[in-house]
Amino acid sequence: MINHVMVGSSDIEKSKAFYTAVLGVLGAGAPFDHVNATGQTRVFFMHNGSTFCLTEPIDGGAPTVANGSTIGFTCHSPEQIQEFHDVAVANGGTSIEEPPGLRKSTMGEVYLCYFLDPDGHKICGFYRPG
């Protein structure tokens with residue numbers, strides 16, 4: 051259902067390095083850069099039919115994070131959840147909420163981790179067994 055997610059960055063190179071490491075855990079390859087017609091640099095990560103993009107805001111203002119928003123990435127095992135989280139923290143992310151691990155939810159048992167990227171965007175690693 052989702053084609054892509056795009057988030058703003060205050061330091062495109064720092065964010066590119068962060069997400070290259072973090073999304074590499076999930077199998078995403080090297081990103082590619084693109085400068086749009088009005089001069090903003092964008093960085094695209096593509097994997098399994100999905101695209102995650104970083105951008106310098108088009109309006110020239112500071113990027114902001116959406117209160118109450120979370121961007122969730124599919125992981126394939128509890129171990130990958132832990133690695134996804136640990137690589138994020140090792141590359142400048144901030145661990146938030148409970149430690150990575152098993153949670154009971156309305157969807158049954160799921161494994162989750164949460165962290166903030168260097169610009170403050172809330173990121174989730176999600177794995178549901180079965």
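Counting from 51, one number per residue, gives the positions in the sequence shown under the working numbering. Positions of the beta carbon are idealized from the N, C-alpha and C atoms, including for glycine.
What distance in whole Å lies between the Cβ atoms of residue j and residue i, which are believed to be in contact at a cut-off of 8 Å?
| i | j | result |
| --- | --- | --- |
| Ser-59 | Glu-106 | 7 Å |
| Cys-174 | Thr-114 | 19 Å between Cβ atoms; not a contact. |
Whole angstroms is fine: what's the gap from residue i's alpha carbon to residue j's?
| i | j | result |
| --- | --- | --- |
| Ala-67 | Ser-145 | 18 Å |
| Thr-88 | Gly-111 | 14 Å |
| Lys-154 | Arg-92 | 37 Å |
| Leu-162 | Val-72 | 15 Å |
| Asn-98 | Glu-159 | 24 Å |
| Leu-76 | Phe-123 | 8 Å |
| Gly-180 | Glu-148 | 23 Å |
| Phe-95 | Thr-156 | 31 Å |
| Val-137 | Thr-101 | 20 Å |
| Asp-61 | Gln-90 | 12 Å |
| Asp-109 | His-54 | 20 Å |
Which two residues bound the contiguous beta strand (DSSP E) that contains residue i?
| i | result |
| --- | --- |
| Thr-91 | 91–97 |
| Glu-159 | 158–166 |
| Leu-104 | 100–105 |
| Ile-173 | 172–177 |
| Val-75 | Segment: none, Val-75 is in no beta strand (DSSP E) and carries neither H nor E. |
| Gly-110 | Taken as a continuous stretch (DSSP letters only), Gly-110 belongs to no beta strand (DSSP E), as it is neither H nor E. |
| Asp-83 | 82–85 |
| Val-55 | 54–58 |
Let me know the secondary structure DSSP gives residue i once reduced to three states.
| i | result |
| --- | --- |
| Ser-65 | helix |
Answer with yes or no whether the minimum CB distance from residue i to chain C is below 8 Å.
| i | result |
| --- | --- |
| Gly-151 | In the structure shown, chain C does not exist; there is a single protein chain. |
Segments of 4+ residues assigned as alpha helix (DSSP H) that fall wholly inside the region 118–161: If we require 4 residues or more, the alpha helix (DSSP H) runs fully inside the region 118–161 come out as 128–140.
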